[in-house]
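To start, the structure under review is shown below, and the notes come after it.
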Amino acid sequence: MPWRGAPQALAHRILEESGYLDLFCLRPRLDLPSLLRRFGLEWHRREFDRLSGALVRLDDGSYHVFTNSRDSWTRQRFTAGHELAHYLMHRHLGTILCCRRNADRGIERAANVFARELLMPEEVVRFLWDRGYYAPETIGRILGVSAQAAAIRLEEVMLGQSQIDWN
Ligand SMILES: [Zn+2]
Numbered sequence: 001m002p003w004r005g006a007p008q009a010l011a012h013r014i015l016e017e018s019g020y021l022d023l024f025c026l027r028p029r030l031d032l033p034s035l036l037r038r039f040g041l042e043w044h045r046r047e048f049d050r051l052s053g054a055l056v057r058l059d060d061g062s063y064h065v066f067t068n069s070r071d072s073w074t075r076q077r078f079t080a081g082h083e084l085a086h087y088l089m090h091r092h093l094g095t096i097l098c099c100r101r102n103a104d105r106g107i108e109r110a111a112n113v114f115a116r117e118l119l120m121p122e123e124v125v126r127f128l129w130d131r132g133y134y135a136p137e138t139i140g141r142i143l144g145v146s147a148q149a150a151a152i153r154l155e156e157v158m159l160g161q162s163q164i165d166w167n
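Per our numbering, the sequence shown starts with residue 1, numbered consecutively.
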């Protein structure tokens, strides 16, 4: 059955079940290839002109994640997390889900929210911040995401904090 709750909650549950939330102090960068394997997903890197990635179901019932090998490895990690979201939430919608960068359909947004939470959980961003890692470049390097993605997430997490403090 596809997941019907919020994508953040799903990402968090998966991190918890995989043991990541107990171990991130020792190993903050999520082992995404292992996580995909837990769900039986094979990760392939291929050159695409327009696609950032895709989720494909073959006739034998196996599912495959594709990312664009022309993208940076951090971008491909984000895309793979995005495709995992499609697998968990949207695989009933078709045998091939093609993803373009900056697509703004509802399921694309939900998959991006999931990927952001999966690769940069709030408690991990805070953990790093509390230990003096403030630069998005550094946080990006530690977590295996782009500096840009880390900057957006930092702002999100820290702005949430300041709003709580103001009230
Ligand atoms: Zn997508």
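Think of the CB as a built atom: it goes at the ideal place given N, C-alpha and C, for glycine as much as any other residue.
Query                                                                                                                       : Result
Cβ-Cβ separation, residue 36 to residue 84 (assumed contact under 8 angstroms), whole Å                                     : 6 angstroms
Beta-carbon gap between residue 144 and residue 29 smaller than 7 angstroms                                                 : yes
Status (buried if at least 16 other CB within 10 Å, exposed otherwise) for residue 167                                      : In this prediction, residue 167 has a pLDDT of 35, which is less than 50 and means its spatial position is unreliable; what the coordinates show is noted afterwards. Its Cβ having fewer than 16 others within 10 Å, residue 167 is exposed.
Distance CB(residue 41)-CB(residue 63) smaller than 7 angstroms                                                             : yes
Close Cβ partners of residue 51 (< 7 angstroms) along its chain, the five nearest in sequence each way excluded             : 68, 98, 99 and 100
Under the three-state DSSP convention, the category residue 65 falls into                                                   : strand
Separation of residue 16 from residue 46, as counted between CA atoms                                                       : 31 angstroms
Residue range of the unbroken alpha helix (DSSP H) whose run includes residue 73                                            : 73 to 90
CA-to-CA distance, residue 104 to residue 152, given in whole angstroms                                                     : 17 angstroms
Near ligand 1: residue 111 beta-carbon under 6 angstroms from a heavy atom                                                  : yes
Distance cut-off 6 angstroms: residue 187 Cβ against heavy atoms of ligand 1                                                : There is simply no residue 187 to check, as the chain begins at 1 and stops at 167 in what is shown.
Own chain partners of residue 74 with C-beta closer than 8 angstroms, once the 5 adjacent residues on each side are dropped : 140, 144, 145, 146 and 149
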